[in-house]
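J.: Residue numbers for the sequence shown follow UniProt numbering, so the first one is 1 and each next one is one higher.
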Amino acid sequence: MSHHCNQNPIVSAAIYPPIGVMRVGNSPDEFFIGPEVDTLIPRDTQYYRDRTGALKRQAARFRIYGLDAEGNVVKELVSDEQTSITWRARLANQKASWYEFQLALDIPEAAEADPSLLRNLNVEDRNALLIDGGECQISGTSSGCGCSRFEGRFQGKKVYLGEMRTDEQGRLIMLGGHGVSENPQGHEAVTFGNNEGWYDDTSDGPVMASVEYQGKCLTVKPAWVICAPPDYAPMQKSPRTMWDLMRQVAVDADMLPAPSGKPSFSKDILPIFQRMTNLQWVNAGFAAGFGWHSPFDFTSKEWISRLNDNSDTWREARRNLFNNFRQVEKVEKITPEGKKNVWDPQFAASAPQLWPWLYGDAMSVDADDSPRQFVTLTDIQLHMLQQWSNGDFESDYDPKYQPPMDLDDVPLAQQPDMLTKAAMEFCLADAFHPGCEMTWPMRTAGLYSEAFRLNHAQNTAPTHGTNYGVEMTPAIALHSSGPILTGQVAGGITRWMAIPWQTDTASCRDGYNAAYDPYLPTFWPARVPNNVLTEQNYHAVIDECLSPEVRQAAFNDRALWLDDLPIPPDTKPKELYQAQINSMVSNFADLAVVLPKSEPGVTGFPTTMQVGIAPHTPVPQTEKLMTSGHGKQGVRPDLSQTDKAHRRSRKR
Numbered sequence: 001m002s003h004h005c006n007q008n009p010i011v012s013a014a015i016y017p018p019i020g021v022m023r024v025g026n027s028p029d030e031f032f033i034g035p036e037v038d039t040l041i042p043r044d045t046q047y048y049r050d051r052t053g054a055l056k057r058q059a060a061r062f063r064i065y066g067l068d069a070e071g072n073v074v075k076e077l078v079s080d081e082q083t084s085i086t087w088r089a090r091l092a093n094q095k096a097s098w099y100e101f102q103l104a105l106d107i108p109e110a111a112e113a114d115p116s117l118l119r120n121l122n123v124e125d126r127n128a129l130l131i132d133g134g135e136c137q138i139s140g141t142s143s144g145c146g147c148s149r150f151e152g153r154f155q156g157k158k159v160y161l162g163e164m165r166t167d168e169q170g171r172l173i174m175l176g177g178h179g180v181s182e183n184p185q186g187h188e189a190v191t192f193g194n195n196e197g198w199y200d201d202t203s204d205g206p207v208m209a210s211v212e213y214q215g216k217c218l219t220v221k222p223a224w225v226i227c228a229p230p231d232y233a234p235m236q237k238s239p240r241t242m243w244d245l246m247r248q249v250a251v252d253a254d255m256l257p258a259p260s261g262k263p264s265f266s267k268d269i270l271p272i273f274q275r276m277t278n279l280q281w282v283n284a285g286f287a288a289g290f291g292w293h294s295p296f297d298f299t300s301k302e303w304i305s306r307l308n309d310n311s312d313t314w315r316e317a318r319r320n321l322f323n324n325f326r327q328v329e330k331v332e333k334i335t336p337e338g339k340k341n342v343w344d345p346q347f348a349a350s351a352p353q354l355w356p357w358l359y360g361d362a363m364s365v366d367a368d369d370s371p372r373q374f375v376t377l378t379d380i381q382l383h384m385l386q387q388w389s390n391g392d393f394e395s396d397y398d399p400k401y402q403p404p405m406d407l408d409d410v411p412l413a414q415q416p417d418m419l420t421k422a423a424m425e426f427c428l429a430d431a432f433h434p435g436c437e438m439t440w441p442m443r444t445a446g447l448y449s450e451a452f453r454l455n456h457a458q459n460t461a462p463t464h465g466t467n468y469g470v471e472m473t474p475a476i477a478l479h480s481s482g483p484i485l486t487g488q489v490a491g492g493i494t495r496w497m498a499i500p501w502q503t504d505t506a507s508c509r510d511g512y513n514a515a516y517d518p519y520l521p522t523f524w525p526a527r528v529p530n531n532v533l534t535e536q537n538y539h540a541v542i543d544e545c546l547s548p549e550v551r552q553a554a555f556n557d558r559a560l561w562l563d564d565l566p567i568p569p570d571t572k573p574k575e576l577y578q579a580q581i582n583s584m585v586s587n588f589a590d591l592a593v594v595l596p597k598s599e600p601g602v603t604g605f606p607t608t609m610q611v612g613i614a615p616h617t618p619v620p621q622t623e624k625l626m627t628s629g630h631g632k633q634g635v636r637p638d639l640s641q642t643d644k645a646h647r648r649s650r651k652r
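This is the structure we're talking about:
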């Protein structure tokens, strides 16, 4: 496909995506490129694992687009006879030198939470806790890692954070860490988010480029890269993605115009419904409520036909469905930077059965009436659903439509927006408690220089938290001279996250109130599965020699995803949680990745099912490790005293 779009002179350039996403993996050398289109593309196990079964890293690839005086795309700039590109990037991990996560600091409930004190408060040399990978640069085409490695130190111990490469066109490929997390003193992790003496090898930082085009140096808008945990369910998107949230922030701050006109059923409405149905493959509650042959199987032809009909025939049905979504009223407030911000919900129905069935920022194990106990869709999403409910939408569903499977399938002028959307739609904006890839500062308008693009500090070298005192408060965090509104530094995005990431990923589960439902609501199922269809059960489902009852029972039987973690057989139930989060540190790559399997001739069940595929046979666990009669470990066993305190302060 030609790189050319229009023939206007190129006067500047911009890097896309504005925020790229790397993910850790334990494969020494192999990796894959992260999503560059927003299509859910089926892949096999070999795409995500190497021959040994190790999990490949997800790389973030960055491109440069030449822009005319109006900011329109002229062409993609690649390394060739006309164009010279030098990439620069910096990675850092500030987690151990930053502040504890207790609760998102931009919600009212933060006032009730435990104070967010400096992590490792008793360590005087704060620089020893800050892993600064330094700045590296690279140019040319098909450049290997060479000297472009990001390495820092944690209390004297060398830590690898990632490396830079270029592809055959001179585009930048960024790779993050290998998922190495450790306490050098040998102490075990004890909680989900604030483990003393620990480090991990996630990171983030600026991505910049110097471009000389036809003998002229161009101004280039910079980008950012983050390193996140693995995506264990790559065929899933959450009902509210990070792209949805960032779009709302940009519209509220007048960085983007609000959507106008009628929403598209196929682009704006159907995805919300189908994302809930697709969560059937990662949560047993969603499987019962939204899955195959359930009351709300929104992937069925019957439902799609009904939802796409904008006549009065289904008006009451549309209204009925719309009323199932958790509604929210908002009021304006003045933020420290003086801008009005309307994201903060003052009221939201706190009933857990309202959609989506996801925990929210102020989630408390002992649920209360906080409007942030559960997730609410964005204003834009709810407004479009309201229009749809009224029949005011484009009935444009085309069953023959083929979405783009590759960026070259996208018109050049639309490629930057597609890269932006692809990177952020596969990130979560579920509960920022603290979150999977990024957390609550991402909804602060002052974090951005423009829609989706972070504002860089003048000096992006990483800093530790002592400049702000022993405790991080909402007032400090959101002050005009605070760490969010003064421009970002390397490590400035991931520092708000849990340390190490494995303990948080292994803690975010479902059905905390088993008296209500053992599987619902849930944390982060689109990235961190709760319950999966195992390969063994899948083979039973497609075996037509078995009775329909046996096949149905196999289909409905969803195994606990965390059961694949090896646990010592003598582990007592009250010790199980701590054993699991520590096992996750060493064995995160052995957990199943939920991938599609197809059996076109199968009858009575979906021809394509998503199956939890582990690299080896799961380690069996004894009956005494089960936490309830139905064998589910999603509700924590007898918590340690530390975690009982966490309950009181709204922690998981």
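Ideal placement from N, C-alpha and C gives every residue a C-beta, glycine not left out.
I'd like the list of long-range same chain contacts for tyrosine 538, defined as Cβ closer than 7 Å, with 5 residues on each side in sequence excluded.
T.: Reading the sequence shown from its first residue, position 538 is the one you call residue 538. For tyrosine 538, where only same-chain residues beyond five positions count, the Cβ hits under 7 Å are Lys597, Met609 and Val611.
J.: Only counting runs of 4 or more residues, tell me where the alpha helix (DSSP H) segments fall wholly within the region 39-87, in order along the chain.
T.: If we require 4 residues or more, the alpha helix (DSSP H) runs fully inside the region 39-87 come out as 45-48.
J.: Among Arg63, Ala461 and Glu30, which one has its Cα closest to the Cα of isoleucine 15?
T.: In the sequence shown, counting from the first residue as 1, residue 15 sits at position 15. The shortest Cα separation from isoleucine 15 among Arg63, Ala461 and Glu30 belongs to Arg63.
J.: What is the DSSP secondary structure of asparagine 122, reduced to helix, strand or coil?
T.: Working through the sequence shown from its first residue, we reach residue 122 at position 122. Reduced to three states, the DSSP call for asparagine 122 is coil.
J.: Can you list the beta strand (DSSP E) stretches of 3 or more residues lying completely in the UniProt domain "L-lysine epsilon oxidase C-terminal" (369-524), in chain order?
T.: List check, beta strand (DSSP E) in window: 448-450.
J.: Closest by CA to tryptophan 501, which one among Met235, Val190, Ser305 and Lys75?
T.: Residue 501 sits at position 501 when you count from the first residue of the sequence shown. Among Met235, Val190, Ser305 and Lys75, the Cα nearest to that of tryptophan 501 belongs to Val190.
J.: Pick out whichever of Ile107, Gly71 and Asp50 has its Cα sitting closest to the Cα of proline 371.
T.: Within the sequence shown, the letter at position 371 stands for residue 371. For proline 371, the nearest C-alpha among the options comes from Ile107.
J.: What is the DSSP secondary structure of threonine 191, reduced to helix, strand or coil?
T.: To locate residue 191, count along the sequence shown from 1; it is residue 191. Three-state result, threonine 191: coil.
J.: Apart from the five residues on each side of it in sequence, which residues of its chain come closer than 7 Å, Cβ to Cβ, to proline 620?
T.: Indexing the sequence shown from 1 puts residue 620 at position 620. With a pLDDT of 42 at proline 620, under the threshold of 50, the modelled position of this residue cannot be trusted; read the value that follows with caution. Result list for proline 620: empty, nothing under 7 Å.
J.: Is the region 216-224 touching the region 450-463, taking contact as three or more C-beta pairs under 8 Å?
T.: Yes, the region 216-224 touches the region 450-463.
J.: Hey, could you find the ends of the beta strand (DSSP E) glycine 162 is sitting in?
T.: Residue mapping note: residue 162 aligns to position 162 of the sequence shown, counting from 1. Run containing glycine 162: 157-166, per the beta strand (DSSP E) assignment.
J.: Just tell me which of Trp198, Tyr160, Leu40 and Ala288 has its CA closest to the CA of glutamine 552.
T.: Position 552 of the sequence shown, counting from 1, holds the residue named residue 552. Checking every option, the nearest Cα to that of glutamine 552 belongs to Ala288.
J.: If we count Cβ pairs, one from each stretch, closer than 8 Å, do we get three or more for the region 258-275 versus the region 294-309?
T.: Output reads yes: the region 294-309 touches the region 258-275.
J.: Which stretch, first to last residue, makes up the beta strand (DSSP E) that contains phenylalanine 363?
T.: Here residue 363 refers to the residue found at position 363 of the sequence shown. Contrary to the premise, residue 363 reads as methionine rather than phenylalanine in this sequence. Counting along the chain, methionine 363 falls outside any beta strand (DSSP E), and DSSP gives it neither H nor E.
J.: Less than 8 Å between the beta carbons of tryptophan 561 and asparagine 582, yes or no?
T.: For the purposes of this step, residue 561 is identified with residue 561 of the sequence shown, where counting begins at 1. For the purposes of this step, residue 582 is identified with residue 582 of the sequence shown, where counting begins at 1. Contact flag unset, no.
J.: Measuring CB to CB, does arginine 558 end up less than 8 Å from valine 532?
T.: Walking along the sequence shown from the start, residue 558 turns up at place 558. Walking along the sequence shown from the start, residue 532 turns up at place 532. Cβ atoms of arginine 558 and valine 532: closer than 8 Å.
J.: Use the C-beta contact count for arginine 165: other C-beta atoms within 10 angstroms, 16 or more gives buried, fewer gives exposed.
T.: Along the sequence shown, one-based indexing puts residue 165 at 165. Under this definition arginine 165 is a buried residue.
J.: Starting from phenylalanine 555, trace the alpha helix (DSSP H) in both directions and tell me its first and last residue.
T.: Looking up residue 555 in the sequence shown gives position 555. Run containing phenylalanine 555: 548-556, per the alpha helix (DSSP H) assignment.
J.: If you count every other CB in all the chains shown that lies within 10 Å of the CB of arginine 51, and 16 or more means buried, which is it?
T.: On the sequence shown, residue 51 is found 51 positions in, with the first residue counted as 1. Exposed.
J.: Helix, strand or coil for alanine 351? Go by DSSP, reduced to three states.
T.: Translated into the one-based positions of the sequence shown, residue 351 becomes position 351. Here alanine 351 sits in coil by DSSP.
J.: Using the three-state DSSP reduction, which class does glutamine 7 fall into: helix, strand or coil?
T.: Within the sequence shown, residue 7 is the residue found at index 7, counting from 1. Here glutamine 7 sits in coil by DSSP.
J.: Which residue's Cα is closest to the Cα of aspartate 504: Leu321, Gly215 and Ser181?
T.: Taking the first residue of the sequence shown as position 1, residue 504 is located at position 504. When only C-alpha atoms are compared, the closest one is Ser181.
J.: If you drop the 5 nearest sequence neighbours on each side, which residues of the same chain put their C-beta closer than 7 Å to that of lysine 158?
T.: Here residue 158 refers to the residue found at position 158 when the sequence shown is read from its first residue. Excluding residues within five positions, the ones whose Cβ falls inside 7 Å are Glu151.
J.: Using the Cβ count rule (16 or more neighbours within 10 Å means buried), how would you classify isoleucine 33?
T.: On the sequence shown, position 33 is the one that residue 33 refers to. Per the 10 Å Cβ criterion, exposed.
J.: Name the DSSP beta bridge partners of isoleucine 173, please?
T.: Along the sequence shown, one-based indexing puts residue 173 at 173. Beta-bridge pairing links isoleucine 173 to Arg61 and Arg165.
J.: Can you tell me where the beta strand (DSSP E) with glutamine 137 in it begins and where it stops?
T.: Looking up residue 137 in the sequence shown gives position 137. Residues 131-139.
J.: Please report the distance separating the alpha-carbon of histidine 383 from that of glutamate 212.
T.: Position 383 of the sequence shown holds residue 383. Position 212 of the sequence shown holds residue 212. Whole-angstrom Cα-Cα distance: 45 Å.
J.: Within 10 Å of its beta-carbon, does proline 606 have 16 or more other beta-carbons around it, so buried, or fewer, so exposed?
T.: The residue labelled residue 606 in the question sits at position 606 within the sequence shown. Proline 606 should be labelled buried.
J.: Considering Cα atoms alone, identify which of Gln387, Leu447, His464 and Ala113 is closest to alanine 253.
T.: Start at 1 with the first residue of the sequence shown, and residue 253 comes out as number 253. Selected option, being the one with the closest Cα: Leu447.
J.: What is the DSSP secondary structure of glutamate 623, counted as helix, strand or coil?
T.: Counted from its first residue, the sequence shown places residue 623 at position 623. With a pLDDT of 33 at glutamate 623, under the threshold of 50, the modelled position of this residue cannot be trusted; read the value that follows with caution. In this structure, glutamate 623 counts as helix in the three-state DSSP scheme.
J.: Quick check on lysine 95: does DSSP put it in helix, strand or coil?
T.: If you number the sequence shown from 1, residue 95 lands on position 95. In the structure shown, lysine 95 sits in a helix (DSSP, three-state: H, G or I).
J.: DSSP three-state call for glycine 289: helix, strand or coil?
T.: Position 289 of the sequence shown, counting from 1, holds the residue named residue 289. Helix, per DSSP.
J.: Whose C-beta lies closer than 7 Å to the C-beta of glutamate 623 among residues of the same chain, with five residues either side of it excluded?
T.: Numbered from its first residue, the sequence shown carries residue 623 at position 623. Unreliable placement is indicated for glutamate 623, whose pLDDT of 33 sits below 50; no coordinate value is reported for it.
J.: With a threshold of 16 other CB atoms inside 10 Å of the CB of proline 569, please say whether the residue is buried or exposed.
T.: Sequence index remark: in the sequence shown, residue 569 carries index 569 (1-based). The residue in question, proline 569, is exposed, as its Cβ has fewer than 16 Cβ neighbours within 10 Å.
J.: Can you list, in chain order, the stretches of the beta strand (DSSP E) that have 3 or more residues and sit fully within the region 205-293?
T.: Complete beta strand (DSSP E) runs here, min 3: 216-221 and 223-228.
J.: Check the C-beta distance from alanine 490 over to leucine 91 and give it rounded, since I have them as a contact under 8 Å.
T.: The residue you call residue 490 lines up with position 490 of the sequence shown. The residue you call residue 91 lines up with position 91 of the sequence shown. Confirmed, Cβ separation roughly 6 Å.
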